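Trainee:
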Amino acid sequence: MTDQSSDLVQGTLDMLILKTLALEPMHGYGVAARIEQMSGGIFRVNAGSLFVAFERLLRAGTIKGEWKTTENSRRAKYYSLTERGRKRLESETREWTKQVAAIARILEAS
Amino acid sequence: MSVLRNIADGLRFLFRKEQVSRELDEELNGFLEMAVDEKVKQGMSRKDALRAVRLERGSLDVAKEIVWSARWESFVGNLLWDTRHALRRLRMAPAFTSATVLTLALGIGATTSIFTLVHAVMLKSLPVANPSELYRLGRESRCCYTGGYSQEKEFSLVSYELYKYFRDNTKGLSELAAFPAPEQLFGVRRTGKSEAAQSYPGEFVSGNYFSMFGIRAYAGRALTDTDDQPNAPPVAVMSYRLWQERYASDRSVIGSVFNLNDKPFTVVGIAPPGFFGDSLRNTPPDFFLPLNSEPYVQSDADLNKVDTHWLELIGRIQPGANPSSIEAEMRVELKQWLRSHWSDMSANDRARFPEQTLYLTRGGAGISTMREQYEHWLLILMMVSGFVLLIVCANVANLMLVRGMERRRQISLSMALGAQTFRILRQPLTESLLLSSFGGAAGLAIAFACTRLILRFTFPTLAGFASVPISASPSMPVMVFAFVVSLLTGVAFGVGPAWMATRVDPIEALHGSGRSTAREGSLPRKTLVVFQAALSLVLLSAAGLLTAALQKLENNDLGFAQDRRIVVNSDPRLGGYRSDQLPTLYRRIHDSIASIPGVSSVALCQYSPVGYGWGAGVWVDGHPAPGPNDDNSAAWDRVSAGYLDVIGTPIVRGRGISEEDTASSRKVAVINEAFSRKFFQNEDPIGKHFGTEADNSRRYEVVGITKGARYLTLDRPDGAFFLLAEAQADYSQTNLGSLFLHDIVILTRPGASLSDAQVRQAMASVDPSLPIISIRTLKEKVATQLTQQQLIARLTSLFGILSLVLASIGLYGITAYNVGRRTGEIGVRMALGAGRGQVVRLVLRGAFLLIAFGLILGIPLSLAANRVLSSQLYGLNPYDALPIAIAVAVLGLFGFIATLVPAQRASSVSPAEALRSE
Chain G
29 MTDQSSDLVQ GTLDMLILKT LALEPMHGYG VAARIEQMSG GIFRVNAGSL FVAFERLLRA
89 GTIKGEWKTT ENSRRAKYYS LTERGRKRLE SETREWTKQV AAIARILEAS
Chain C
12 MSVLRNIADG LRFLFRKEQV SRELDEELNG FLEMAVDEKV KQGMSRKDAL RAVRLERGSL
72 DVAKEIVWSA RWESFVGNLL WDTRHALRRL RMAPAFTSAT VLTLALGIGA TTSIFTLVHA
132 VMLKSLPVAN PSELYRLGRE SRCCYTGGYS QEKEFSLVSY ELYKYFRDNT KGLSELAAFP
192 APEQLFGVRR TGKSEAAQSY PGEFVSGNYF SMFGIRAYAG RALTDTDDQP NAPPVAVMSY
252 RLWQERYASD RSVIGSVFNL NDKPFTVVGI APPGFFGDSL RNTPPDFFLP LNSEPYVQSD
312 ADLNKVDTHW LELIGRIQPG ANPSSIEAEM RVELKQWLRS HWSDMSANDR ARFPEQTLYL
372 TRGGAGISTM REQYEHWLLI LMMVSGFVLL IVCANVANLM LVRGMERRRQ ISLSMALGAQ
432 TFRILRQPLT ESLLLSSFGG AAGLAIAFAC TRLILRFTFP TLAGFASVPI SASPSMPVMV
492 FAFVVSLLTG VAFGVGPAWM ATRVDPIEAL HGSGRSTARE GSLPRKTLVV FQAALSLVLL
552 SAAGLLTAAL QKLENNDLGF AQDRRIVVNS DPRLGGYRSD QLPTLYRRIH DSIASIPGVS
612 SVALCQYSPV GYGWGAGVWV DGHPAPGPND DNSAAWDRVS AGYLDVIGTP IVRGRGISEE
672 DTASSRKVAV INEAFSRKFF QNEDPIGKHF GTEADNSRRY EVVGITKGAR YLTLDRPDGA
732 FFLLAEAQAD YSQTNLGSLF LHDIVILTRP GASLSDAQVR QAMASVDPSL PIISIRTLKE
792 KVATQLTQQQ LIARLTSLFG ILSLVLASIG LYGITAYNVG RRTGEIGVRM ALGAGRGQVV
852 RLVLRGAFLL IAFGLILGIP LSLAANRVLS SQLYGLNPYD ALPIAIAVAV LGLFGFIATL
912 VPAQRASSVS PAEALRSE
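Line order of the protein sequences matches chains G and C.
The numbering used here puts the first residue of the first sequence at 29, with every later residue one more than the last.
The numbering used here puts the first residue of the second sequence at 12, with every later residue one more than the last.
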C-alpha cells in the first residue's frame, strides 16, 4: 500500500487533475487512469489523495461535479473544469514551465 | 467567493451529513469497481483484482477517512459528536453529574459573591476621572469633629480656615476639595408643591468638588467656585438617583426651588448616574450644597469656627508630582498655620505642637469609613469562602478521579485497538469542560442571588433612601477566576487519570484487569479526603464559635425592654427649628403622640438604644481634678421626663428624670452603676455633684442610679453613662447640637397596636414640614445591630454544612470505590471464614483512618483559625473546646454514615458471587 502520490511534487496533483479535466469531463477513476497513462505509469494516484484533491478543487470553484451514467451504464460523478479552473490551469502551467526551465538551467550549469 | 462556497459546503456537510456521506461512498465504490473491472479485463480473477486494487490505491475506508478529515467541518463534526457523546455519558451517571455540577456551582457562586463584595468595599475606586491622581488627608478616618489646635497621632480633620490655607498654598496639588466628615440629613420640600417634607442625605462641598473629581453634571451644571462664596445665591446639585426615582427625570426640576431645612435652594444640575460622592456609604448623598451655604442652613454653623475641625480633604495632584513632597509641603504649612494661632492655643496644644504632623494617603477609593467598618467581616468571609473553594476543588478532583479509574480498562482496550492518544483524551476533556460550563452557569446564578441576599442583610436600607451603591452583579474578574480555578481542577483531574492510563502498556493493563492495581492511584484520593475532612472541621468549629457568640449576644440582658416599644426617628433641624423653639416643639410632640389611643407613655431622647451616645469629661465635686492621663470620660444622653420607664431600664436607687425637673429647679443627673463604680468607689453617689467642665463641678446633682445596660453596643455593657433632663437644657445656646433630640420612644398598652399612619398623623398635626426619618419597633432597631453577626454566623454555618456534605460525599466515594475493587478480596476473606461484622469493621477501619488523619490535621488548624477569628471579633473565646468537640462529633457521625452504606454492601456480598466477579 505504498502511496505513490508522494512522488508527486507537492501541489502538482491539483495541476495534473486540472490538465486532465481540461481535455474532457471525467470521473475519478478516469482521472487516475489518465494521469497514470499519460505519465507512462510513473505516477500512480492513491484514492484518498485524489478525492481530497477533488474536494479541495470543488471548494475553490475550479471544477464542478455532476452525476452521469458511464459507457458501462454505471453511475459516476463526472468532474469538469469551470472558467475559473481554466484560468488557474493556464497561470499554473505558465508558472510551472518557468520554474522547470529555471531549475533545468541550474542543473545544467554544473 | 470561494470562502463563502467553502462555508456553504461545510454547512451542507454538517446538516446533510448522511447524504454527503452516501455520495462519497458511492463515488469511492464506483472508483473501486472501475479499477477492478479494468484488472478483470486484463485477465485477473475478480478476487485477485480486488486485492490488487486495494494494494495499489489504498483501502477505501482509509481513503474515506482521509477525505473526511481533510474537511474543516470534520473538526466541528467531531466536536459535536464528542459533546453529544459526553452529554449522553453524563446523563447515564446522574449522581456523578449532579454532584459535580452542584459542587462547582456552590463553590463558584459562594466565592464569587463574597469576593464581589470585597472588591466593591475594599478595592474599587470611586467612579471619577483618574482616581489614581487623588490623595486624601489622613491615614485613618476619624469621625466627626475635633476641637483645638492639636490632634492625636495625625492631623486628619481640618477647619474651613485651615482648608483654605492648604488650598491656597500647596503648589503640588491641582485641586484640593473639602467636605464634612459627619453624614447629614436634610428635610426637603419642593416649593410650590403640596408634598410633605422628606428627609434625604446631603453634603456640603467646596466649590471645586466636582472639578476636582473631574465630574460633569448629567444635566444642568455642577457647582463652581462662584457658588461657594459667602452670600452667593444658594444653589444645589441633585443626585441622579433622586431625580430619576422621585421626580421621574423631570427637566423642570433644574431651575426650580427646593426648601432644605426650610431654606430655599435652586437646583442647578443633576449629578451623573453612578456618582455617589466621596465615600462608599450606606446612604449616599442626594444633594450637594456649597460649603458656604452651611451657616445659611445650620443654626449651629461650623464653617467659621477656626478651631473646629470637621472637614475631610481630597486633592488631585499635578500630573507627575511626587505625593511625598506634597506631604512635606503640607506639613510645613500645618506648622505655619498653627504658629499663626499661637495666642489662641491652650497650654496642652502648645506642648503637643512639635509632634503635630499629617499624612497623605491614596484617595482614589474615597474616604473609607465603610472599609474600616466592614473589613473584619469581609476578611472572615473571604477566608471562609476560600476554604470552601479549596474543598470544592478537592471534591471535584475526587469525583473526577473515580470516574477516571472507571475508564481505565476502556482506555486500555481502545489503545490496544490502535486509538490515538489525543482521540482518547478528548473524551474526558470534553466531559470536564461540559461539567465546568454547567457548574459555571449555575454558579453565576447563585452568585447573583447570594450577593443580593448579602447586600440586603449587610446594608439594610430605609424606605425612600438610596441604597448602598454596590451592584449585585458579580464582579467579572472574580467570576472568571473562580471559574478558571474549577475548570483547571476539573480538566487536570479528569484528563490526568486518562492520560496515565494511556501510558500503561495495554496488554499489561488488560491482563491485570482490576486486581493488580487495587491500591494504585488511591493515595491522591485519600489525601484529598483527609484534606477535606480537615477543612470542614475548621469551618464547622468556626461556625460553632460564631453561632455561640451570636446566641450570647442575642440572649444578653440588654438592660432595657424591647416589647411594645416603637422608636420614631426625626430631627428638628430638618424642619428648620432654632434651639429656642425646641421646648415647645418637644412638649407638643409628646402631647400629640400621648393622645393617640393605645399609647401608654412617650419620651424623647437624643439617642435611643442601641447605637450612638455623646461623650463628655466628668469632674466630680470634692475630688481632685483628673490629670492629663486620667480617664474621666463618660457617655451621656439627654432625655425627657419618664424616659427610663418608657425604655424599661430598672432604677437601682433614687429616681429617674421626672416632671419635677424643670428649667427652674436644681440641675439633676441619673447615673448608671458603672458611673458609680468609676467615679464614686467608696461613696454614696446620691446627692453628690459633678460637672462636665473643669470649672463647674457642681453643675449636676446625682438623684438616681440605674442598672447597667447596653445602650451603646450589644457587645458589652456600657461604661460610665449618665442621663440629663431635657427640660433643664440651656436653650439659649444657639449652636448646641445636643439640644436637638432625634428619637421619640413610644410605649404602647398591652394588646394595643399602633400603625405608622397614626404616628405620622400625630407628627403632622404638630408640624407637617418636620420629616420623619423612620418608624420602627425597638426590636427591629436592636435586630439591625445583629444582622452582620447573624449573616456571618449563618453564612459560616452554611459553608460549614456544605463542606461537611462535600467531605462526606468524598468519603463515601472513596469507600464505595475501594469496596468495589476489593470485592474479590472480601469474597476470599469470607470464604476463609471471616464474619460479616469483621468485613464491616475492615471497611470502617479504612475510612476512619482517613477521618482520624483529617482530625489530626484539622484540630490545630481549627484552633489557629479560631484564634484569628477572635482577634477580629469581640466576645469570642478561641479556647472554647465545645465547638471543636461538637464539630469533631458531627464530622465523625457523618463519616460513619457515609462509610456504613458501602460497608453494609460489602458484607452482604456472597463469597461465591464475589469470587466470580473477578
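We put the beta carbon where it would ideally sit given N, CA and C, even for glycine.
No experiment lies behind these values; they were computed from the predicted model shown.
For L46 (chain G), tell me which candidate among G:I134, G:G113, G:K126, G:I131 has the shortest Cα-Cα distance.
Mentor: The alpha carbon of L46 (chain G) has as its nearest neighbour, out of G:I134, G:G113, G:K126, G:I131, the alpha carbon of G:G113.
Trainee: At least one CB of chain G closer than 8 angstroms to the CB of V78 (chain C): is that the case?
Mentor: yes
Trainee: Could you spell out where the alpha helix (DSSP H) holding P894 (chain C) opens and where it closes?
Mentor: 892-918
Trainee: Which of the three DSSP states is assigned to R419 (chain C) in this structure?
Mentor: helix
Trainee: Distance, Cα to Cα, K50 (chain C) vs I435 (chain C)?
Mentor: Approximately 41 angstroms between the Cα atoms of the pair.
Trainee: Locate the alpha helix (DSSP H) running through M45 (chain C), then write down its first and last residues.
Mentor: 28-52
Trainee: Is any heavy atom of the ligand GTP found at a distance shorter than 7 angstroms from the C-beta of A104 (chain G)?
Mentor: The model on display carries no ligand, and the ligand GTP is accordingly not part of it.
Trainee: With a floor of 3 residues, list each beta strand (DSSP E) that falls wholly inside the region 311-392 of chain C, ordered by position along the chain.
Mentor: 322-328, 371-373
Trainee: For a contact defined as C-beta to C-beta under 7 angstroms, what are the partners of L61 (chain C) on chain G?
Mentor: None at all; the shortest Cβ gap to chain G is about 14 angstroms.
Trainee: Run down chain C in chain order and give the residues with a C-beta less than 7 angstroms from the C-beta of K92 (chain G).
Mentor: By Cβ distance, chain C contributes nothing, its closest Cβ being about 11 angstroms from K92 (chain G), past 7 angstroms.
Trainee: Could you list which residues in chain C have their beta carbon closer than 9 angstroms to that of K105 (chain G), in chain order?
Mentor: E34, E37, E38, G41
Trainee: Consult DSSP for S108 (chain G) and reduce its assignment to one of helix, strand or coil.
Mentor: strand
Trainee: Where do the N-terminal and C-terminal ends of the alpha helix (DSSP H) with F691 (chain C) fall, by residue?
Mentor: F691 (chain C) -> no alpha helix (DSSP H), and no H or E assigned at all.
Trainee: Leaving out five residues before and five after P779 (chain C) in sequence, what residues of the same chain have Cβ atoms less than 8 angstroms from its Cβ?
Mentor: A207, A208
Trainee: Exposed or buried, which one is V920 (chain C) when buried takes at least 16 other CB atoms within 10 Å?
Mentor: buried
Trainee: Suppose contacts are defined by Cβ-Cβ distances below 8 angstroms. Is R677 (chain C) in contact with E712 (chain C) by that definition?
Mentor: yes
Trainee: Between C:D641, C:M103, C:V502, C:I378, which lies nearest to L134 (chain C) when the distance is taken from Cα to Cα?
Mentor: C:I378
Trainee: Can you give me the C-alpha to C-alpha distance between L564 (chain C) and K792 (chain C), rounded to a whole angstrom?
Mentor: 15 angstroms
Trainee: Indicate the three-state DSSP secondary structure (helix, strand or coil) for C404 (chain C) in the structure shown.
Mentor: If DSSP states are grouped into helix, strand and coil, C404 (chain C) belongs with the helices.
Trainee: So which of C:D642, C:P913, C:S785 has the shortest CA-CA distance to N829 (chain C)?
Mentor: Of the candidates C:D642, C:P913, C:S785, the one whose C-alpha sits nearest the C-alpha of N829 (chain C) is C:P913.
Trainee: Assuming N683 (chain C) is part of the beta strand (DSSP E), what are its boundary residues?
Mentor: 679-683
Trainee: Suppose the cutoff is 7 angstroms on Cβ atoms and the five residues either side in sequence are ignored; what does the same chain contact list for G665 (chain C) look like?
Mentor: I697, V714, G715, I716
Trainee: Starting from the C-beta of M841 (chain C), find all residues in its chain whose C-beta is less than 6 angstroms away, skip the five residues before and the five after it, and write them out in chain order.
Mentor: Once the five neighbours on either side are set aside, the close Cβ partners of M841 (chain C) are P922.
Trainee: Could you pull out every residue in the same chain whose Cβ sits closer than 6 angstroms to the Cβ of I825 (chain C), ignoring the five residues on either side in sequence?
Mentor: R536, V540
Trainee: Taking contact to mean 3 or more Cβ pairs, one atom from each stretch, closer than 8 angstroms, check whether the region 624-634 of chain C and the region 604-615 of chain C are in contact.
Mentor: no
Trainee: Around the Cβ of S447 (chain C), are there at least 16 other Cβ atoms within 10 angstroms (buried) or fewer (exposed)?
Mentor: So S447 (chain C) counts as buried.
Trainee: Can the beta-carbon of M223 (chain C) be found closer than 8 angstroms to that of G326 (chain C)?
Mentor: Closer than 8 angstroms, so yes.
Trainee: Identify the continuous alpha helix (DSSP H) that holds E791 (chain C) and give its terminal residues.
Mentor: 789-832
Trainee: Could you check which residue in C:R856, C:A408, C:W321 has the C-alpha nearest to that of C155 (chain C)?
Mentor: Checked all of C:R856, C:A408, C:W321; the closest Cα to C155 (chain C) is C:W321.
Trainee: Report yes or no: is there a C-beta of chain G within less than 8 angstroms of the C-beta of L22 (chain C)?
Mentor: no
Trainee: Given that a residue counts as buried once 16 or more other Cβ atoms are within 10 Å of its Cβ, and exposed if not, what is Q543 (chain C)?
Mentor: buried
Trainee: Would you check if the distance between the CB atom of G231 (chain C) and the CB atom of G280 (chain C) is smaller than 8 angstroms?
Mentor: yes
Trainee: Could you tell me the distance, in whole angstroms, from the CA atom of D767 (chain C) to the CA atom of F810 (chain C)?
Mentor: 39 angstroms
Trainee: What's the C-alpha gap between G525 (chain C) and A876 (chain C)?
Mentor: Here the model assigns G525 (chain C) a pLDDT of 48, short of 50, so the residue's position is not dependable, and the following value carries that caveat. Approximately 42 angstroms between the Cα atoms of the pair.
Trainee: Around the Cβ of G266 (chain C), are there at least 16 other Cβ atoms within 10 angstroms (buried) or fewer (exposed)?
Mentor: Around the Cβ of G266 (chain C), a 10 Å sphere holds fewer than 16 other Cβ atoms; the residue is exposed.
Trainee: For T910 (chain C) versus V839 (chain C), is the C-beta distance shorter than 8 angstroms?
Mentor: Not in contact: T910 (chain C) and V839 (chain C) (Cβ atoms no closer than 8 angstroms).
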